[in-house]
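The structure under discussion appears below in the form of structure tokens.
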Amino acid sequence: MYYILYLTSLCRRRHWPEPTYNSYTSSSGSGYTCVVRVNNREYQTDTVYASETLARESAAMRAYLICRNFSVNDA
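So that you can map any letter, position 41 of the sequence shown is 799 in the working numbering, and since no number is skipped, the others follow by simple counting.
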């Protein structure tokens, strides 16, 4: 659950809107994927996860690892 917190903290420090999460059931019905929107950019999970929580955490991790390298003024 740490990357969800890290991403939220990053958004607050940079005065960006809070991240929004949209979780989806996979087409086969065997799990979940997630898309997180951060500062008008979307980041999506690359695999299907067993739970919605794991899918959200994975999307947050992808977004955080990319967004932490943006400068404060990137829009």
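Note that CB positions come from ideal geometry on N, CA and C, so glycine has one too.
Keep in mind the model is a prediction, meaning the values are calculated, not measured.
Cβ-based burial, THR805 [other Cβ within 10 Å; buried from 16] = Mapped onto the sequence shown, residue 805 falls at position 47. It counts as exposed.
Report all residues from its chain with a CB closer than 6 Å to the CB of ARG770; omit the five preceding and five following residues, and keep chain order.
-> Working through the sequence shown from its first residue, we reach residue 770 at position 12. Answer for ARG770: no residue qualifies.
Integer Cβ distance of TYR790 from TYR807, believed to fall under 8 Å | Position 32 of the sequence shown, counting from 1, holds the residue named residue 790. Position 49 of the sequence shown, counting from 1, holds the residue named residue 807. Right, the Cβ-Cβ distance comes to about 5 Å (below 8 Å), so this counts as a contact.
Can you name the start and end residues of the beta strand (DSSP E) that GLU800 belongs to?
-> As a first step, residue 800 must be located in the sequence shown, where it is residue number 42. Note, GLU800: beta strand (DSSP E), 799 to 802.
What number of angstroms, rounded off, separates the C-alpha of PHE828 from the C-alpha of GLN802?
-> Start at 1 with the first residue of the sequence shown, and residue 828 comes out as number 70. Start at 1 with the first residue of the sequence shown, and residue 802 comes out as number 44. So the two alpha carbons sit approximately 18 Å from each other.
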